[in-house]
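J.: This is the structure I want to talk about, given as structure tokens.
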Ligand SMILES: [Zn+2]
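Numbering (the UniProt record's numbering), first residue to last: 1 to 114.
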């Protein structure tokens, strides 16, 4: 999957088309992502003792990755990505990276510490 947790994506289809948000969870098995503030539904929640208040809460549901485009961390453009192996990190080991098709730079992976 091209999109990982921590990425910023642009929604290109559905009711939230045009919105941007941060991926809070990636679900590679389903090819879906949960994007902050996107595909919100209202859920009526019963109070559970003193732990949880009842009421209406908003919850983000997963959307299909094909309905999103990754926003490049380098040029800020929504882009398709290429996969390559590049020497990365302190030890310069070849690691799979995502390359922006617009600017050709490596897109930062926020799930991995630099
Ligand atoms: Zn770029």
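Here a beta-carbon is modelled for each residue, glycine too, at the ideal position from N, C-alpha and C. These figures come from a predicted structure and were not determined experimentally.
1. Taking residue 32 as the reference, which of 91, 1, 64 and 98 has the closest Cα?
2. Leaving out five residues on either side along the sequence, give the residues of the same chain with a beta carbon under 6 angstroms from the beta carbon of residue 88.
3. Nearest to residue 72 by CA position, among 22, 30, 14 and 17, is which residue?
4. Could you tell me if residue 69 is buried or exposed, where buried requires 16 or more neighbouring beta carbons within 10 angstroms of its beta carbon?
5. Using 10 angstroms around the beta-carbon of residue 8, count the other beta-carbons present and answer buried if the total reaches 16, otherwise exposed.
6. Once the 5 residues before and after residue 115 are set aside, which same chain residues still bring their CB inside 7 angstroms of it?
7. Is there a C-beta anywhere in chain D that falls below 7 angstroms from the one on residue 57?
8. Could you name the residues whose beta carbon sits closer than 6 angstroms to any heavy atom belonging to ligand 1, keeping them in chain order?
9. I need the straight-line Cα distance from residue 52 to residue 46, nearest angstrom please.
10. According to the neighbour-count rule (16 or more other Cβ atoms, all chains shown, within 10 Å of its Cβ), is residue 100 buried or exposed?
T.: By the coordinates alone:
1. Counted from its first residue, the chain shown places residue 32 at position 32. Answer by Cα proximity: 64.
2. The count along the chain shown starts at 1 and reaches residue 88 at position 88. 95.
3. Counting from one through the chain shown, the residue named residue 72 turns up at place 72. The residue with the shortest Cα to Cα distance from residue 72 is 22.
4. The residue given as residue 69 occupies position 69 in the chain shown. Looking at its Cβ environment, which holds 16 or more other Cβ atoms inside 10 Å, residue 69 is buried.
5. Taking the chain shown and counting its residues from 1, the one referred to as residue 8 is at position 8. Its Cβ being crowded by 16 or more others within 10 Å, residue 8 is buried.
6. Nothing can be reported for residue 115: it is not among the residues displayed for the chain, which extend from 1 to 114.
7. Note that chain D does not occur in the displayed structure, where there is just one protein chain.
8. 72, 74, 75, 77, 79, 100, 102, 103 and 105
9. Taking the first residue of the chain shown as position 1, residue 52 is located at position 52. Taking the first residue of the chain shown as position 1, residue 46 is located at position 46. Each residue's alpha carbon lies about 8 angstroms from the other.
10. In the chain shown, residue 100 corresponds to position 100, counting from 1. The residue in question, residue 100, is buried, as its Cβ has 16 or more Cβ neighbours within 10 Å.
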